[in-house]
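Read left to right, the sequence shown gives residues 141 to 553 (the working numbering). Note that the Cβ used here is the ideal one computed from N, Cα and C, for glycine as well.
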Amino acid sequence: MEKVLYLIDGSGYIFRAYYAISPLSTKDGFPTNALYGFTRMLLKTLREKGAQYLAVAFDSGRETFRREIFTEYKANRAECPDDLNAQIPYFRQIVEALGITTFEAPGYEADDVIGSIIAVHKECVDKIVIVSGDKDLMQLVSDKIIVWDSMKDRVYDREKVKEKFGVYPEQLRDYLALVGDSSDNIPGLKGVGAKTAAQLLNKWKDINTLVNSLTEIENDKSIRGRAKIVEQLRTNLKALNLSKKLVTIRDDISDYITVDGELKEKISSWSCEKFLKSVELKDKDREKLKELFEQFEFSSLLKEFNLNAPSVIKSSSSFTVKIAHKKNFKDFLQEILKQKEFAFDLETTSLNVFQAKVCGISFCWSKNNGWYLPIYHKNYQDGLSFQELKPYLEKIFSLSSLKIGHNLKYDIN
141 MEKVLYLIDG SGYIFRAYYA ISPLSTKDGF PTNALYGFTR MLLKTLREKG
191 AQYLAVAFDS GRETFRREIF TEYKANRAEC PDDLNAQIPY FRQIVEALGI
241 TTFEAPGYEA DDVIGSIIAV HKECVDKIVI VSGDKDLMQL VSDKIIVWDS
291 MKDRVYDREK VKEKFGVYPE QLRDYLALVG DSSDNIPGLK GVGAKTAAQL
341 LNKWKDINTL VNSLTEIEND KSIRGRAKIV EQLRTNLKAL NLSKKLVTIR
391 DDISDYITVD GELKEKISSW SCEKFLKSVE LKDKDREKLK ELFEQFEFSS
441 LLKEFNLNAP SVIKSSSSFT VKIAHKKNFK DFLQEILKQK EFAFDLETTS
491 LNVFQAKVCG ISFCWSKNNG WYLPIYHKNY QDGLSFQELK PYLEKIFSLS
541 SLKIGHNLKY DIN
């Protein structure tokens, strides 16, 4: 089975959720719109992708190494709104309660965390999906790495990046340095727009090659404003290199990455087995989810996760399983037809829904006993065949009773 790792830009999710969801608050006035939107976005990704390996990366805060080398970096942005700032401490708690690992690195952004995780562990998986709408992350796209903008449901592979920007992913940092990025307050090269930047890089590959080809550029009549561009390349090279440094995603900070808020060891020292175990989706912490959802008054999520019901049912030492066969099948049928609700589970020969045969079906509606219907058991001759059971199963599943199952999509198929 193909190993696919999903790396979510958690900070990008936060801001998208904040601006996408109308103001929400608890009865006490605590703001919750970003938390609610973020949780819904995360659950949508889990539901649609069915990811086995998944992690969320977060920014460490506003002060990063980029602000240290360029004080004007993102200086055009307003301070984090107070109502969003109040929600910040809880995002990681929700993610971890959902059984998802979080990564962060002091002084760095989520992009750098994602880039560094990929640098040290990309060989552990067959494919990597970066979940983000941030164009900067598209510089990481390769034959095995794609960017998925989950909000717009757009996937960017190498060719889609080329289609969008006119250059391939490995040239994107040079492209962004040339055109600048007004949202991050990164200056570009004066007189160079998107089309000109793509034109230059398609002919001369990167900024270093451009700087070493000034005479050629000056003599190329297809380039509009070539004289000013050459002048800018000669006089503002230092600023251009700084812009490139600012837009370049770091891939060398794995030693500083915290896992679920803790830095116990360097993730670069992890084996593939340890890394995959870390990013494998874990069981949800239902008690923590209940606590958080009740705190934020997310009644729909409480209901969706059935968190209002008792979270733990004590097992009974006297629990028995009755095996249905030709002689006692009527007993089973009489009992189940009386039930207002029951749980069921299929036992099959394969995880592949198109290859699987049903071996048997388990039913339960009591904490003290359950029933098992053997169907495809070579060494058991007293069971009923699937053809014999089919009309009875149709009757059972056509009842208005509440039916409870696990991995129902597989069972139904």
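Nearest neighbour of Lys361 by Cα position, chosen from Leu377, Gln372, Thr336, Phe459, turns out to be Thr336. By the Cβ rule, the region 149-167 counts as touching the region 181-198, because three or more pairs are nearer than 8 Å. Note that the C-beta distance between Val387 and Ala483 is not below 8 Å. Leaving aside the five residues that flank Gly545 on each side, the residues in its chain whose CB is nearer than 8 Å to its CB run, in chain order, Ala483, Phe484, Asp485, Asp551. Between the C-alpha atoms of Ser256 and Leu524 there is a straight-line separation of about 57 Å. Within the region 407-482, the complete beta strand (DSSP E) segments of 3 residues or longer fall at 460-463, listed in chain order. C-alpha of Glu142 to C-alpha of Val265: approximately 8 Å in a straight line. Residue ranges of uninterrupted beta strand (DSSP E) with 3 or more members, entirely inside the region 270-342 and ordered along the chain, are 285-289, 294-296. Excluding its 5 nearest sequence neighbours in each direction, Pro163 has C-beta neighbours in its own chain below 8 Å: Pro171, Asn173, Asp223, listed in chain order. In the three-state scheme derived from DSSP, where H, G and I count as helix and E and B as strand, Thr241 is classed as strand. Looking at the backbone, the Cα of Ser151 and that of Tyr308 are separated by about 25 Å. Taking the Cβ atoms as the reference, Leu421 lies roughly 18 Å from Ile254, outside the contact range of under 8 Å. Three or more beta-carbon pairs separated by less than 8 Å are not found between the region 339-357 and the region 212-232, which leaves the two stretches without contact. In this structure, Ile407 places its C-beta atom within 8 Å of the C-beta atom of Val260. In the DSSP assignment, Leu513 falls outside any alpha helix (DSSP H) and within the unbroken beta strand (DSSP E) covering 509-514. CA-to-CA, the gap between Glu203 and Tyr230 works out to about 20 Å.
Fewer than three pairs of CB atoms, one per stretch, sit closer than 8 Å, so the region 393-404 makes no contact with the region 370-378. Residue state for Tyr213 is assigned as coil, using DSSP reduced to three classes. For Gly500, the pairing in a beta bridge is given by DSSP as Glu487, Pro514.
Just measuring C-alpha positions, the residue of Thr349, Val399, Leu382 sitting nearest Glu208 is Leu382.
Cβ contact annotation for Lys300 (same chain, cutoff 6 Å, sequence separation greater than five): none.
The beta carbon of Asp346 sits closer than 7 Å to the beta carbons of Gln311, Asp314 from its chain, once the five residues preceding and following it are set aside; these are given in chain order. The residue among Phe438, Thr460, Glu481, Gly500 with its C-alpha nearest the C-alpha of Phe537 is Glu481.
Around the beta carbon of Phe472, 16 or more other beta carbons sit within 10 angstroms, so the residue counts as buried.
In terms of Cα proximity to Gly190, the closest of Leu145, Thr349, Lys384 is Leu145.
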